[in-house]
Structures are given as C-alpha cells and as structure tokens.
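To keep things clear, I will list the structure first and then write my remarks on it.
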Amino acid sequence: KNEVEQSPQNLTAQEGEFITINCSYSVGISALHWLQQHPGGGIVSLFMLSSGKKKHGRLIATINIQEKHSSLHITASHPRDSAVYICALNTGTASKLTFGTGTRLQVTL
Amino acid sequence: NAGVMQNPRHLVRRRGQEARLRCSPMKGHSHVYWYRQLPEEGLKFMVYLQKENIIDESGMPKERFSAEFPKEGPSILRIQQVVRGDSAAYFCASSPSNRPNEKLFFGSGTQLSVL
Numbered sequence: 018k019n020e021v022e023q024s025p026q027n028l029t030a031q032e033g034e035f036i037t038i039n040c041s042y043s044v045g046i047s048a049l050h051w052l053q054q055h056p057g058g059g060i061v062s063l064f065m066l067s068s069g070k071k072k073h074g075r076l077i078a079t080i081n082i083q084e085k086h087s088s089l090h091i092t093a094s095h096p097r098d099s100a101v102y103i104c105a106l107n108t109g110t111a112s113k114l115t116f117g118t119g120t121r122l123q124v125t126l
Numbered sequence: 142n143a144g145v146m147q148n149p150r151h152l153v154r155r156r157g158q159e160a161r162l163r164c165s166p167m168k169g170h171s172h173v174y175w176y177r178q179l180p181e182e183g184l185k186f187m188v189y190l191q192k193e194n195i196i197d198e199s200g201m202p203k204e205r206f207s208a209e210f211p212k213e214g215p216s217i218l219r220i221q222q223v224v225r226g227d228s229a230a231y232f233c234a235s236s237p238s239n240r241p242n243e244k245l246f247f248g249s250g251t252q253l254s255v256l
C-alpha cells in the first residue's frame with residue numbers, strides 16, 4: 018500500500034464549479050504540501066500544512082491529522098486552473114518528500 | 142530575486158554518454174533537493190545536499206548517479222553512462238533551512254531524453 022493516496026486521479030470540471038481533491042496517508046507526518054504542476058512541467062508550491070486550514074485566493078487546503086487526510090478545494094474554477102495537483106508528505110527529515118501520483122484537473126469553458 | 146534556475150531545460154544524450162544537470166538555488170538558500178519524475182510516474186526523492194555536503198542520498202541509484210553542491214556555483218546532478226531508463230524529468234528545489242515546515246521552491250526541471 019502506498020504511503021500517500023490521492024483521489025480522484027483525473028477530474029474534469031466546467032468553469033465555475035467547486036472542486037475538491039483528496040489526499041489520504043498512512044504514516045506520521047510533520048507537514049503536508051500541495052503542489053501544482055503546469056502542463057509545461059513547472060512545479061509551484063501552493064500550501065504547506067501541519068494543521069487546520071489555509072486559504073490563498075480561490076484555493077483552500079485543509080488537513081485532519083487524526084484522520085490522516087487532507088483536501089484541496091478550488092472555488093469558482095477557471096480553465097487556467099488546469100494542471101496536475103500533487104500531495105506530498107514530509108515525514109520529518111527536512112524536505113525529503115514522499116509524493117502522491119497526482120490528480121490531473123481539466124477545467125473547460 | 143531570481144527563482145530556482147535549472148539548466149538545461151532539455152538535454153538529449155545517447156546511451157553511454159554523460160549527463161550533467163545544473164541547479165542554482167534561490168539566493169540565500171543553502172539546501173538543495175533533487176527529485177526525479179519518470180514518465181507516467183510520480184516524483185521521487187533522490188538526494189538532499191547542503192553546501193559542500195551530501196545529507197541524504199537514500200533515493201539515488203547505487204551506480205552511475207552522483208550529486209554535488211560546491212561552495213561556489215550550482216548544484217550538479219551527474220549521470221554517467223546514461224541508459225534509456227534514465228529518461229525522465231529531473232527537478233531541483235531549494236529552501237533556506239532544513240526545518241520540516243519550510244516551503245520549497247522548485248525549478249522548472251530538466252527533461253532528459255536518452256536515445
């Protein structure tokens with residue numbers, strides 16, 4: 018069993034829809050990262066969470082440490098949100114991250 | 142303040158040649174991480190370096206791969222005698238400290254293609 022599982026693997030949404038991407042993990046962590054990988058390949062760090070909830074613009078990330086679960090929400094989705102969203106675990110050693118396989122999001126007009 | 146710079150963006154090598162991938166961290170960052178993304182697979186940790194030191198190389202293949210981060214200049218990931226299976230996107234990331242909750246800044250990656 019993988020230490021980190023993301024769902025769904027692929028997601029298609031229409032512009033304006035509310036989107037949720039889930040990440041479940043099975044190990045103890047010091048932090049969880051949400052990353053965005055654009056079609057061109059570049060990776061951007063969206064959030065780093067160790068508890069609670071963070072918000073940045075239309076993006077919201079939550080984490081429940083007891084349930085070992087995190088969600089990334091996108092409100093009022095837009096085609097420019099189309100990307101692969103990756104959940105990554107920090108299990109304690111600096112930033113030697115363990116990555117999920119990603120959720121490929123396509124937002125259409 | 143320039144971000145993490147990786148070069149080249151694309152590198153083509155024939156089997157048996159050497160590949161050198163460079164990563165210049167953000168200004169003020171002394172911690173560098175290399176990750177590999179094989180086709181249709183997720184990212185995998187390779188190596189963590191601080192200036193002049195390899196801290197954790199547990200994700201590096203045992204042979205042909207090496208990494209360095211000299212006192213001056215960029216971090217280098219070196220792959221000797223490349224094989225087709227080395228074709229992948231190689232990303233580096235940097236941070237200003239080794240705290241577990243430190244935000245990472247990623248480069249744009251080097252796409253290595255081995256013919």
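First to last, the sequence lines map onto chains A and B.
Using our numbering, read the first sequence as starting at 18 and increasing by one per residue.
Using our numbering, read the second sequence as starting at 142 and increasing by one per residue.
Yeah, the Cβ is synthetic: ideal placement off N, Cα and C, and Gly gets one too.
Just so we're clear, the structure is a prediction, and the values are computed from it rather than from any experiment.
Item, Value
"Report whether the distance from the Cβ of HIS86(A) to the nearest heavy atom of the ligand SAH is below 6 Å.", "Only the bare structure without any ligand can be found here, which leaves the ligand SAH out of the picture."
"Less than 7 Å between CB atoms is the rule here; does ALA288(B) satisfy it with respect to chain A?", "An answer regarding residue 288(B) cannot be provided, because it is not within the stretch 142 to 256 covered by chain B."
"Kindly say whether LYS244(B), judged by its beta-carbon, lies nearer than 7 Å to any beta-carbon of chain A.", "yes"
"Quick one: what's VAL61(A) bridged to in DSSP?", "GLN53(A)"
"Near VAL153(B), which residues of its chain fall below 6 Å by C-beta distance, leaving aside the five closest residues on each side in sequence?", "SER254"
"Quick check on the DSSP output: the beta strand (DSSP E) that includes GLN191(B) runs from which residue to which?", "184 to 191"
"Helix, strand or coil for ARG90(B) per DSSP?", "The question about residue 90(B) has no answer here: the residues shown for chain B are numbered 142 through 256."
"Within a Cβ cutoff of 7 Å, which residues of the same chain sit near TYR42(A), ignoring the five residues on either side of it in sequence?", "GLU20, VAL21, LYS85 and LEU106"
"Taking CB distances under 7 Å as the criterion, tell me whether GLY33(A) reaches chain B.", "no"
"Rounded C-beta distance between LEU52(A) and SER62(A)? I'm assuming under 8 Å.", "6 Å"
"At a Cβ threshold of 7 Å, is GLY250(B) touching chain A?", "yes"
"Can you name the start and end residues of the beta strand (DSSP E) that GLY169(B) belongs to?", "Neither: GLY169(B) is in no beta strand (DSSP E) and is coded neither H nor E."
"What does the alpha-carbon distance come out to for the pair GLN26(A) and GLY59(A)?", "19 Å"
"Verify the CB distance criterion: does GLY58(A) have a CB-CB separation below 7 Å to chain B?", "yes"
"Quick one, which of SER24(A), CYS104(A) and ILE38(A) has its alpha-carbon nearest ILE91(A)'s?", "ILE38(A)"
"In terms of alpha-carbon separation, which member of TYR174(B), LEU179(B) and GLN178(B) lies closest to LYS192(B)?", "TYR174(B)"
"Quick one, are the C-beta atoms of PHE64(A) and ALA48(A) less than 7 Å apart?", "no"
"TYR95(A): which of CYS104(A), THR29(A) and GLY117(A) sits nearest, CA to CA?", "Going by the sequence as given, residue 95(A) is His instead of Tyr. For HIS95(A), the nearest C-alpha among the options comes from THR29(A)."
"Please report whether the beta-carbon of GLY169(B) lies at a distance below 7 Å from any beta-carbon of chain A.", "no"
"Please classify PHE232(B): is it buried, with 16 or more other beta-carbons within 10 angstroms of its beta-carbon, or exposed?", "buried"
"Is the segment 177 to 193 of chain B in contact with the segment 158 to 165 of chain B, if contact means three or more CB pairs nearer than 8 Å?", "no"
"Whose C-beta lies closer than 7 Å to the C-beta of LEU179(B) among residues of the same chain, with five residues either side of it excluded?", "ALA229"
"Nearest by alpha-carbon distance to ILE36(A): which of LEU126(A), LEU89(A) and LEU66(A) is it?", "LEU89(A)"
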